[in-house]
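Student: I'd like to ask some things about the structure below.
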Amino acid sequence: MKIIFTLLIALFFISSVIAEEVKSYTQFDTFRFTIDNKSAKKFTTNMRNHIKKYHVKGVLKTKIYNIIYGPNTNEFIWVMGPISYAEFDSRPDDKKHDDDWVDNINPYITSYKQSEIWRNMDGLLINNMAKNADSPEKYITRYLTVNSDQDNEVIKYLLKQVKDTLDKMGKEKYWAIYDNQLIQGNLNGRHLMGISAMDSWAELDEDLEFAKHFEDLYGKGSYKTFGALYDKVFKNQWNEVIEVNKEMSGM
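Residue numbers for the sequence shown follow this note's numbering, so the first one is 781 and each next one is one higher.
Structure follows, in structure tokens:
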């Protein structure tokens, strides 16, 4: 009996560890969309009401972002979460929610763009925000297209060098690398996303001396080596600046 009890305790412990491992990532459900600008005021009101009714807490918590600079300017991004795959399965089947979307949201959307699931890559996060601080309202993103013959460990090594250098510089409020969980191929090229919080545009005038700090960590000439490998691993990259749409997000 004692042996059986011990085994049950062990199994319970293992199950708890597995459950923790399953939930030990940060992931967001997103999609991009456009609207008819002639109906922007009506859509803004409807989206605000929808989010305040159905998307204010837990895994369903949602914000809408405007893309204000970059190749997809004037698009919007729906960002819901953080949400795990297990939590995808437990989302409520809410007919009132669905009817509200069909009646008050869908008629004003002119196109649905890519739906994507973005997960923070392990070890590639800088978060110097106070625990109860409001989330940043503006971010600059960098999308990376990975060459198909590249090794994941090499990719992570390069990005870890960037993270460690930024850590040393001590300027980042929030910075992270996210991995697109669904294979994209070359259809849109958004394989990875680097995202960094912006408090003001004036930050972009600052000379952060990234190369100097990089070589302080990795040695003289290391930044040139890094650049050559970076160009080999990534075949395309581009920026977008995104900003929370407070009205649509119910803030």
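Just so it is clear, CB atoms sit at the ideal spot from N, CA and C, and this is done for glycine as well. Please read all numbers here as calculations on a predicted model, not as lab measurements.
Assuming Ile1022 contacts Ile847 (C-beta within less than 8 Å), just tell me the rounded distance between them.
Tutor: Reading the sequence shown from its first residue, position 242 is the one you call residue 1022. Reading the sequence shown from its first residue, position 67 is the one you call residue 847. Yes, they are in contact, since the Cβ atoms of Ile1022 and Ile847 sit about 6 Å apart, within 8 Å.
Student: Go through its chain and collect everything with a Cβ distance to Gly947's Cβ below 8 Å, but skip five positions before and after it.
Tutor: Numbered from its first residue, the sequence shown carries residue 947 at position 167. The sequence as given places Asp at residue 947; Gly does not occur at that position. Result list for Asp947: Ile906, in chain order.
Student: Please classify Met909: is it buried, with 16 or more other beta-carbons within 10 angstroms of its beta-carbon, or exposed?
Tutor: Here residue 909 corresponds to residue number 129 of the sequence shown, with the count starting at 1. Met909 is exposed by the Cβ-count criterion.
Student: Quick one: complete beta strand (DSSP E) runs, 3+ long, within the stretch 880-929?
Tutor: For the stretch 880-929, whole beta strand (DSSP E) runs of length 3 or above, ordered along the chain, are 889-907, 918-926.
Student: Could you please give the first and the last residue of the uninterrupted beta strand (DSSP E) stretch that includes Ile815?
Tutor: As a working mapping, residue 815 is identified with position 35 in the sequence shown. Per DSSP, Ile815 belongs to the beta strand (DSSP E) from 807-815.
Student: Which same chain residues, not among the five before or five after Leu904, have their C-beta less than 8 Å away from its C-beta?
Tutor: Residue 904 sits at position 124 when you count from the first residue of the sequence shown. Around Leu904: Lys936, Leu939, Lys940, Lys943, Ala956, Ile957.
Student: Check whether the stretch 860-870 touches the stretch 836-846, taking contact to mean three or more Cβ pairs, one atom from each stretch, closer than 8 Å.
Tutor: Touching, yes, given that three or more Cβ pairs across the two stretches are closer than 8 Å.
Student: Please return the same chain residues whose Cβ sits closer than 7 Å to the Cβ of Gly850, not counting the five positions on each side in sequence.
Tutor: As a working note, residue 850 is residue 70 in the sequence shown. Hits under 7 Å: Trp1018, Asn1019, Glu1020, Val1021.
Student: For Lys1015 and Gln930, I'd like the C-alpha separation in whole angstroms.
Tutor: Taking the sequence shown and counting its residues from 1, the one referred to as residue 1015 is at position 235. Taking the sequence shown and counting its residues from 1, the one referred to as residue 930 is at position 150. Taking the straight line from one Cα to the other gives about 11 Å.
Student: Using the rule of at least 16 other Cβ atoms within 10 Å of the residue's Cβ for burial, across every protein chain shown, is Glu896 buried or exposed?
Tutor: In the sequence shown, the residue the question calls residue 896 occupies position 116. The residue is buried, with at least 16 neighbouring Cβ atoms inside 10 Å.
Student: With distance defined between alpha-carbon atoms, name the residue in Val859, Ser819, Ile815, Lys822 nearest to Asp809.
Tutor: Position 29 of the sequence shown holds residue 809. Answer by Cα proximity: Val859.
Student: Using only the alpha-carbon positions, how far apart do Gln894 and Thr806 sit?
Tutor: Against the sequence shown, residue 894 aligns to sequence position 114. Against the sequence shown, residue 806 aligns to sequence position 26. Looking at the two C-alpha atoms, the distance is approximately 20 Å.
Student: Work out the CA separation of Gly999 and Asn854 for me, nearest whole Å.
Tutor: The residue given as residue 854 occupies position 74 in the sequence shown. The residue given as residue 999 occupies position 219 in the sequence shown. Between Asn854 and Gly999, the C-alpha separation is close to 43 Å.
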